[in-house]
């Protein structure tokens, strides 16, 4: 690991940039390898990913049982250790200690790229802070796989991942995204698809184009292309199976969407009453908090007292 330093002629603060080479120089510490795994089709596992998993000393896996099936298929005998969202705080110091002792570790999620809607980013940050080398291995990714086949504009795009499960928070997220002119990429589970499409229709607009990408790289891979309204109608009348990637077209009129996204306070309260089944005082309190206002201000607006 090397550091380049440069200073300005006028005596300003010394600036440093950290430079880490993946392949040059001696390294007495171990290396963290970020290894993507197939999102469905085992044929997408690269030879480099296989050799990396064979050569490292330890594999940090999101689900060791799921990863063991992959290891068995490719006859990889490397030991595993669990690393998931529920043991991150406990596990990171342990993994960093091993890396500092010279142990090479590969980190994998259940499918696709580590850190993309999966654990990993905190470990990468900890490694960088500890001056431990991090080497990414290219490979499968559901978002980009869906995007290039969607027929919607592939760049620029905004990858969002999973929207909130709570109606109010999901609507707020979409209101903030409604003015984006770039293609939007979401992940969604089958049992939440209908609710998400309903929110998309109400906030982004029923006529906005969308592509539902289902079971990517698997036997029943499908692309459903149409408007959000058509997608919502299909989801309401079909048996929903498989994991989905949603590609939504950008907004050609962002200024109009931005003005529509800012709802009057009384309408925000009404939405909470309708969608969250809250009591009026609880809804007023939540709207006040979201808008950084005093509760009395929202109370007066809602009850038309000002």
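Residue numbers (UniProt numbering): 1 to 306.
Idealized CB from N, CA, C, for every residue including glycine.
This one's a predicted model, so the numbers in the text were calculated from it and none came from an experiment.
By how many angstroms is the C-alpha of residue j removed from the C-alpha of residue i?
i           : j           : result
residue 298 : residue 291 : 9 Å
residue 188 : residue 241 : 11 Å
residue 192 : residue 220 : 20 Å
residue 118 : residue 104 : 21 Å
residue 23  : residue 283 : 56 Å
residue 37  : residue 203 : 35 Å
residue 305 : residue 265 : 13 Å
residue 71  : residue 113 : 17 Å
residue 199 : residue 169 : 11 Å
residue 253 : residue 16  : 42 Å
residue 239 : residue 194 : 11 Å
residue 286 : residue 206 : 28 Å
residue 280 : residue 197 : 27 Å
residue 63  : residue 110 : 6 Å
residue 92  : residue 126 : 8 Å
residue 289 : residue 267 : 15 Å
residue 225 : residue 243 : 16 Å
residue 88  : residue 295 : 37 Å
residue 49  : residue 61  : 14 Å
residue 115 : residue 123 : 9 Å
residue 137 : residue 128 : 17 Å
residue 134 : residue 156 : 27 Å
residue 47  : residue 102 : 24 Å
residue 20  : residue 132 : 9 Å
residue 166 : residue 150 : 28 Å
residue 235 : residue 190 : 10 Å
residue 142 : residue 182 : 18 Å
residue 260 : residue 154 : Unreliable positioning characterises residue 260 in this predicted model, as indicated by a pLDDT of 46, which lies under 50. The coordinate reading is nonetheless provided below. Going from the Cα of residue 260 to the Cα of residue 154 covers about 26 Å.
Quick check on residue i: buried or exposed, where buried means 16 or more other Cβ atoms within 10 Å of its Cβ?
i           : result
residue 130 : exposed
residue 161 : exposed
residue 301 : buried
residue 69  : exposed
residue 39  : buried
residue 139 : buried
residue 43  : exposed
residue 185 : buried
residue 208 : buried
residue 307 : Any property of residue 307 remains undetermined from this structure, which presents the chain solely from 1 to 306.
residue 107 : buried
residue 251 : buried
residue 152 : buried
residue 293 : exposed
residue 237 : exposed
residue 178 : buried
residue 18  : exposed
residue 257 : Summary for residue 257: the model assigns pLDDT 49, below 50, so the residue's position carries little reliability, and this model does not support an answer.
Starting from residue i, trace the alpha helix (DSSP H) both ways and give me its first and last residue.
i           : result
residue 277 : Per DSSP, residue 277 belongs to no alpha helix (DSSP H) and is neither H nor E.
residue 86  : Here residue 86 belongs to no alpha helix (DSSP H), and DSSP marks it neither H nor E.
residue 300 : 295-302
I'd like the span of the beta strand (DSSP E) that includes residue i, first residue to last.
i           : result
residue 246 : 244-248
Taking only beta-carbon positions, decide if residue i is within less than 9 Å of chain D.
i          : result
residue 87 : Annotation note: the requested chain D is absent from the structure, which comprises a single protein chain.
With a threshold of 8 Å (Cβ to nearest heavy atom), would residue i be considered close to the ligand HEM?
i          : result
residue 89 : The ligand HEM is absent from the structure shown, which contains no ligands of any kind.
Could you pull out every unbroken beta strand (DSSP E) segment of at least 3 residues lying fully inside the segment 174-242, listed in chain order? You should have 183-188, 209-214 and 222-227.
Pair every Cβ in the segment 243-255 with every Cβ in the segment 141-152, then say whether three or more of these pairs are closer than 8 Å. yes
Which runs of the alpha helix (DSSP H) spanning at least 4 residues fall entirely within the segment 94-175, listed in chain order? Secondary structure within the segment 94-175: the alpha helix (DSSP H) runs of 4 or more consecutive residues, fully enclosed, are 121-129 and 142-149 (chain order).
Specify whether the segment 28-40 and the segment 52-60 touch according to this definition: at least 3 beta carbon pairs, one from each stretch, less than 8 Å apart. yes
Say whether the segment 174-183 touches the segment 73-83, bearing in mind that this needs 3 or more beta-carbon pairs closer than 8 Å, one atom from each stretch. no
Should the segment 213-227 be called in touch with the segment 267-277, which here means at least 3 C-beta pairs below 8 Å? no
Stretch-stretch touch, CB-based, cutoff 8 Å, three pairs: the segment 90-107 with the segment 66-77: no
Is the segment 201-212 touching the segment 226-241 in the sense that three or more CB pairs, one from each, lie closer than 8 Å? yes
Continuous alpha helix (DSSP H) assignments of at least 4 residues falling wholly in the segment 18-76: Every alpha helix (DSSP H) of 4 residues or more that sits fully in the segment 18-76 is shown, in chain order, as 47-55 and 64-73.
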